[in-house]
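Take 1 as the starting number for the sequence shown in our numbering and just add one per residue.
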Amino acid sequence: MKRALLGTVAAMSLLAMPALAQRTDLTIAMQLEPPHLDPTSAAAGAIDSVLYSNVFEGLTRFMADGSVVPGLAESWDISDDGLEYTFHLHTGVTFHDGTAMDAEDVKFSLDRARAEDSVNAQKALFGEIASVDVVDPATVTVTLTQPNGNFLFNMAW
1 MKRALLGTVA
11 AMSLLAMPAL
21 AQRTDLTIAM
31 QLEPPHLDPT
41 SAAAGAIDSV
51 LYSNVFEGLT
61 RFMADGSVVP
71 GLAESWDISD
81 DGLEYTFHLH
91 TGVTFHDGTA
101 MDAEDVKFSL
111 DRARAEDSVN
121 AQKALFGEIA
131 SVDVVDPATV
141 TVTLTQPNGN
151 FLFNMAW
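Okay, here's the thing in structure tokens:
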């Protein structure tokens, strides 16, 4: 009896697999709903929990063990005094509409996140940035006001 029941359950599971493979939608449950998708214009907690890592990608990423690995930047160089970070961007990265991402986009995003009128909940992470300069389409240099050992970690936001 148990074998027959187990066989029936296994057969039913196999029949359901093609239907699962054909699904194109994703339903998620959230405790909060963000008011919009712009983290620089509101400090709503839902923006952090929904958008970061799900929609936005940083120059770096941090792993569960705390290590920092490349994100949108494939590599970076740090000046001897710890004030300049030169990020070399991955090429071929596109936005949702197919537009290519380049160093101008990185500059725009960092300048906007740290702007005086920004209410970004993570604004403090960008507070020590003195300037963001585009070197070429695949390279951007960020200059800090003082050395910050957490800066690469901060660029994961």
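Yeah, the Cβ is synthetic: ideal placement off N, Cα and C, and Gly gets one too.
Is it the case that the Cβ atoms of residue i and residue j are separated by a distance below 8 Å?
i           : j           : result
residue 134 : residue 113 : no
residue 88  : residue 73  : yes
residue 58  : residue 157 : yes
Is DSSP giving residue i helix, strand or coil here?
i           : result
residue 110 : helix
residue 151 : helix
residue 116 : coil
residue 105 : helix
What is the rounded straight-line gap between the Cα of residue i and the Cα of residue j?
i           : j           : result
residue 26  : residue 146 : 44 Å
residue 122 : residue 94  : 24 Å
residue 150 : residue 101 : 25 Å
residue 78  : residue 141 : 10 Å
residue 91  : residue 107 : 16 Å
residue 97  : residue 24  : 18 Å
residue 152 : residue 137 : 21 Å
residue 148 : residue 115 : 19 Å
residue 144 : residue 22  : 49 Å
In the DSSP assignment, find the unbroken beta strand (DSSP E) run with residue i in it and report its ends.
i           : result
residue 143 : 139-144
residue 60  : 60-62
Determine which residues share a DSSP beta bridge with residue i and list them.
i           : result
residue 88  : 75, 139
residue 97  : In DSSP, residue 97 forms no bridge with anything.
residue 133 : 141
Quick one: does residue i have its CB under 8 Å from some CB of chain D?
i          : result
residue 98 : Chain labels in this structure do not include chain D; a single protein chain is all it has.
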